[in-house]
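Inspection log for the structure reproduced underneath, given as structure tokens.
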Amino acid sequence: MKKTLLSLMCTLGLLCGCGDAAESAAAASATAADKQTVYRVAAEIDLPFTVQGPNGTIDGFDYELLKAIGAQHGFDVQFEAHSRSGMFEALAGKQADIVASGIYLNDERKIRFEATEPYMESGTVFLVREGTGINGLGGMAGKRIAVKGQTVAEGLVKTVLGEDNYSVHPTLWLAFKDLMTGRADAVLGDEASLRHYAQEYPEEKLVLLDNLNRPREHYVFLVQKGNKPLLDKLNKGLAQARADGTYQRLHSKWFEGKPGHTH
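Under mature numbering (1 follows the signal peptide of the UniProt record, and there is no 0), the residues of the sequence shown are numbered -21 to -1, 1 to 242, in order.
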């Protein structure tokens, strides 16, 4: 009888041990899930790519697109607001993992960072009011032009137009406000953003002038030089988002409201 009891106790002990092991494995699995990789995204607040609400919450096309890619590939993103130059410095200094917010790919960025496949095409255009008589570059002489600083538009207004009657703003939204309040006759800037503004204010009868005869630009996400694993995740995620309809759904939400006029 003693041997039988001893054998039974050993068996129960083994079973309890197995139960403890199973519970430990489950706990370890839950802990691993809790430690999901979170990538820091340095972004400029720039409608409609990155939008900040009154309570500080972030939204926008780039935000939702990266969130969707993260859900597909097992990571999350945390957006941090930066100035235009600050977001690139954050990435270079390894204080961020990704730069987003309607970023054009240029030669300098190709050297400093890794770039994803392009996820959207855009260009630099004028936004004016209907009925002003402005119909292209030839009508800009003597007009007040508002631009966002540190952009292609600022360089163009200096070199191509040769104008000195322009105002430079930290954001395109503030440049747009100059047009809305009559302090500027035209805004020169990114087509995707200006089209969004024109759609948001249809009663203002705003017109895009896309006649600068410049090459089209491409938007990309940037990561640190050599970070191929993250670059591959983003590229695969972009391809999947296009294939499953996520990309088109978000593009329609943020860029295809009431149609804006383009001349």
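Beta carbons: idealized from backbone N, C-alpha and C, even for Gly.
Rounded to whole angstroms, the gap between the alpha carbons of T130 and R108 is 23 Å. Taking 8 Å as the cut-off, the beta carbon of G35 is found no closer than this to the beta carbon of P27.
Across the set G117, F105, E179 and V56, the C-alpha of E179 shows the shortest separation from the C-alpha of W233. A Cβ-Cβ separation of about 5 Å places L210 in contact with E93 under the 8 Å criterion. With contacts defined as CB atoms closer than 8 Å, T111 and L167 fail to qualify as a contacting pair. Taking the Cα positions, L217 is about 39 Å away from R123. The C-alpha of V202 lies about 32 Å from the C-alpha of A177.
In the assembly as shown, R193 is an exposed residue. Its beta-carbon has fewer than 16 other beta-carbons within 10 Å.
Rounded to whole angstroms, D143 and R221 show a C-alpha spacing of 43 Å. The C-beta separation of F200 from V78 comes to about 7 Å, placing the pair in contact by the 8 Å criterion.
For the options A50, I82 and S64, the alpha carbon positioned closest to that of P149 is the one of S64. Per the DSSP secondary-structure output, K127 pairs in a beta bridge with H148. Residues V56 of the same chain have their beta carbon placed closer than 6 Å to that of L45, with the five preceding and five following residues left out of the count. The stretch 25 to 103 contains, as complete beta strand (DSSP E) runs of 3+ residues, the segments 54 to 60, 77 to 83, 92 to 94 and 99 to 101 (chain order).
Per DSSP, reduced to three states, the secondary structure at G117 is helical.
Membership of Y226 in the alpha helix (DSSP H) is indicated by the continuous run T225 to F234. Within the same chain, H52 come within 6 Å of K212 by CB-CB distance, once the 5 residues on both sides are set aside.
Residue pairing by DSSP places V136 in no beta bridge whatsoever. If the five residues before and after Y226 are omitted, its C-beta is found closer than 6 Å to the C-beta atoms of A220, all from its own chain and listed in chain order. Under the three-state reduction of DSSP, E196 is assigned to strand. In this structure, M66 lies away from A132, with their beta-carbon atoms at least 8 Å apart. In chain order, V126, G128 and E133 place their CB closer than 7 Å to the CB of V147, counting only its own chain and leaving out the 5 sequence neighbours on each side. Under the DSSP assignment, L217 falls in the alpha helix (DSSP H) whose first and last residues are K207 to A222. A check of alpha carbon separations from D164 across S172, Y83, T95 and L188 identifies L188 as the nearest.
A Cβ-Cβ distance of about 6 Å is found for the pair Y42 and T29, placing them in contact under the 8 Å criterion. R162 sits in coil when the DSSP states are folded into three classes, being neither helix nor strand. The beta carbon of R195 is closer than 6 Å to those of E100 and G102 in its chain, skipping five residues each way along the sequence. Taking the Cα of I48 as reference, the smallest distance to any Cα among E182, M119, W152 and Y98 is reached at Y98.
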